[in-house]
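Residue numbers (the numbering used here): 4 to 138.
Here the structure comes first, spelled out in structure tokens, and everything after it is commentary.
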Amino acid sequence: MEQALIEGRKALPQCLPNPPVGCVPVQAGSIIARGYTNAPGKHHAEVMALSQVEGELSDVTAFVTLEPCSFHGRTPSCALALVERKIGAVYVALVDCDPRNQGRGIDILKAAGIPVTVGLMSAQAEQDLSPYLIH
Ligand SMILES: [Zn+2]
């Protein structure tokens with residue numbers, strides 16, 4: 004998650020008005036990709052990271068600094084993208100307080116049978132992200 008937070012900081016300022024999220028997928032203890040929020044309409048952190056690896060990811064754990072988006076905005080839902088790639092598990096630092104999300108992204112993952120752990124390094128994530136979240 005520490006590495007995901009570092010990725011997230013690379014997103015500023017081009018990601019705005021989206022929050023600067025970072026995502027790092029890990030397989031057998033090694034980081035296999037890195038992603039952060041791109042400019043609006045371009046890849047979110049999760050999709051940027053997923054675009055660097057091929058096939059199903061059932062033995063991969065994704066660390067994401069903010070709950071993956073559940074809604075189709077300018078880009079398709081990241082939660083659904085993770086489900087489609089059959090990600091093995093997801094760690095989320097912060098639940099998204101955006102009323103369009105607010106746990107729905109996590110619900111999509113859990114409904115697909117993916118184990119989700121929330122709150123890892125949440126204090127640091129809150130410090131990085133809270134100025135950019137929609138309340
Ligand atoms: Zn997203």
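Glycine included, each C-beta is placed from N, C-alpha and C at the ideal position.
Any heavy atom of ligand 1 nearer than 5 Å to the CB - residues listed: Sorted by chain position, residues whose beta-carbon lies closer than 5 Å to a non-hydrogen atom of ligand 1 are H47, C72 and C81.
Assigned exposure category for A126 - 16 Cβ within 10 Å defines buried: Residue mapping note: residue 126 aligns to position 123 of the sequence shown, counting from 1. Exposed, by the Cβ-count rule.
Own chain residues within Cβ distance below 7 Å of L84, not counting five before or after: One-based indexing of the sequence shown puts residue 84 at position 81. According to the sequence displayed, residue 84 carries Ala and not Leu. Once the five neighbours on either side are set aside, the close Cβ partners of A84 are E49, V50 and L53.
Cβ neighbour criterion (16 or more within 10 Å) applied to I109: Locating residue 109 in the sequence shown gives position 106, where the first residue counts as 1. It is buried - the Cβ of I109 has at least 16 other Cβ atoms within 10 Å.
Contacts around H47, its chain only, beta-carbon distance under 7 Å, and the 5 residues preceding and following it disregarded: As a first step, residue 47 must be located in the sequence shown, where it is residue number 44. Correct list, in chain order: V24, T40, C72, T78 and C81.
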